[in-house]
Amino acid sequence: MLNNSTVVQTTPSSMIEDSTESHVTNTTMASFDPGVQERSMLAKIVGFICFFSLTATGVVGNSLVIYTIFTDFTLQIKTQLSNMPILSLAYIDLITTGICSMLGAASIVYDEYPFGKIVCGIWAYVNLLGLITTIGILAVISVDRFIAVGWSLHYPQMVTYNRIAAGCGYVWVMCLAVSVVWVSTEYGYDFWAGVCDVTWANFGPDFPREFYFAIVCAFIYVFIPSAIILACNLLIIQFSKEKGHAATAGSDGKQDAKSKANSKVLKAMIIVILSFFTLTFPSALIKILKVIGGKDGPVKYIPNIFTTFTTFLQLSASIVNPFIYGLFRKDFRDAYAKLWKQMKQALNLK
5 MLNNSTVVQT TPSSMIEDST ESHVTNTTMA SFDPGVQERS MLAKIVGFIC FFSLTATGVV
65 GNSLVIYTIF TDFTLQIKTQ LSNMPILSLA YIDLITTGIC SMLGAASIVY DEYPFGKIVC
125 GIWAYVNLLG LITTIGILAV ISVDRFIAVG WSLHYPQMVT YNRIAAGCGY VWVMCLAVSV
185 VWVSTEYGYD FWAGVCDVTW ANFGPDFPRE FYFAIVCAFI YVFIPSAIIL ACNLLIIQFS
245 KEKGHAATAG SDGKQDAKSK ANSKVLKAMI IVILSFFTLT FPSALIKILK VIGGKDGPVK
305 YIPNIFTTFT TFLQLSASIV NPFIYGLFRK DFRDAYAKLW KQMKQALNLK
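Just so we're aligned, residue 5 is where the sequence shown starts under the working numbering, counting upward by one.
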């Protein structure tokens, strides 16, 4: 059993050369809180309820998205191209909530990590994979929607099945690979984050090779796709406003319908931006701050409860997308309604 201050150090000595001795001897989770680590009974209860709720809601919601896309013929025909990144996002959200949230709930109740080295490694891997893959797939979806709104007439020529597949495939391959690299170095149970994670603070400026690799990864997997998400969605909002103003200039029913459609697009994109930078980005930023500042950097002054909260926000992002589809996409609303009707008939409900 790993207690709440244990790090699993798996880096071969050849990978860190002259810094090996100092790196290995610091395997007491110095990047995490080294002091007395104990949650109150209230914190355990609230933490368990939150993490368990994330597990249940995330598994049900994302399973619903996957099932709906595969079984609803109308949805398959109307949104064949956009279904691929949506499915990718649903898959990674399902894996993240099914593994990370469930293990997090159990560990909070135990007040320590009880599952052993192998499970901790899998947990750390899925936690990192879920974070960076979500950011990458959201960037693909943002580019797709940007082209659909900005160049709707040319969308079929510009966005093809092979191009969407290449974009999603690139994100998955890159994220799967870099997650293996990081988890093969050093990981452990971060007591206050409530998850097994890479010990990012141990790869600070004192270890130049790992430090510069981490900075490059931060740009490739966090900052660049985040900039794409922000830029594309802000431009979508601008396009929607312009089309909305043009539609209101007319007086017929078609123009009114277009105005309402653009209003829904506008609201959806605002929610996408707010949910991403509120739920997903803070967790990535804390990991980056741990690397930049090392053990004695700015993360040292972040309250423990805030670290726990950012983990909860990151995992909450995995349950937001099914609700966004249900609220703002009529095809998904119709598919959900049809499925609910079938369930009521099967259960003989009124």
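Built from N, CA and C at the ideal position, the CB exists for glycine as well. As the structure is a prediction and not an experimental result, all values here were calculated from the model.
Under 8 Å, Cβ to Cβ, is there at least one residue of chain D near residue i?
i   : result
I99 : Absent from the structure is chain D; it holds one protein chain and no more.
State buried or exposed for residue i, treating a residue as buried only when at least 16 other CB atoms are found within 10 Å of its CB.
i    : result
R337 : exposed
T29  : Note that T29 has pLDDT 32, beneath the 50 cutoff, so the model's placement of it is unreliable and the number below is only indicative. That one is exposed.
G120 : exposed
K291 : buried
I136 : buried
I168 : buried
D148 : buried
N325 : buried
N1   : Any question about residue 1 goes unanswered here, given that the chain covers just 5 to 354.
T311 : buried
S44  : exposed
D300 : exposed
I53  : exposed
N166 : exposed
A339 : buried
N352 : exposed
When DSSP labels each residue in this structure, what does residue i get in the three-state scheme?
i    : result
E42  : coil
G192 : strand
V199 : strand
W155 : coil
R420 : Here the chain has residues from 5 to 354 only, and residue 420 is not among them.
L351 : coil
D148 : helix
F211 : coil
I306 : coil
T164 : coil
G301 : coil
D76  : coil
If residue i sits next to residue j, beta carbons under 8 Å apart, how far is it from one beta carbon to the other, in whole angstroms?
i    : j    : result
V202 : E214 : About 11 Å; that fails the 8 Å criterion.
S287 : I139 : Between I139 and S287 the Cβ distance is about 10 Å, and since that is not below 8 Å, they are no contact.
L283 : Q318 : 7 Å
I274 : I241 : 7 Å
S146 : C236 : 4 Å
L98  : V50  : That belief does not hold up - the Cβ atoms of L98 and V50 are roughly 25 Å apart, past 8 Å.
T73  : A143 : Reading the sequence as shown, one finds Ile at residue 73 and not Thr. Actually they do not touch by this definition, with Cβ atoms about 20 Å apart.
Y117 : C124 : 6 Å
Do residue i and the ligand GTP come close, with the Cβ less than 7 Å from some heavy atom?
i    : result
T138 : Ligands are entirely absent from the displayed structure, and the ligand GTP is therefore not among its contents.
Exercise for the section: Report yes or no: do three or more beta-carbon pairs, one from the stretch 288–299 and one from the stretch 218–235, lie closer than 8 Å? Expected result: Contact between the stretch 288–299 and the stretch 218–235 is present, because at least three Cβ pairs lie under 8 Å.
Handout entry: the stretch 179–187 in contact with the stretch 113–132 per 3-pair CB rule at 8 Å
Key = yes
Handout entry: Inter-stretch contact at 8 Å, needing at least 3 Cβ pairs: the stretch 102–109 / the stretch 41–61
Key = Between the stretch 102–109 and the stretch 41–61 there are three or more inter-stretch CB-CB distances shorter than 8 Å, so the stretches are counted as touching.
Practice task
Examine the Cβ distances between the stretch 171–180 and the stretch 85–93 and report whether three or more of them are shorter than 8 Å.
Solution key: yes
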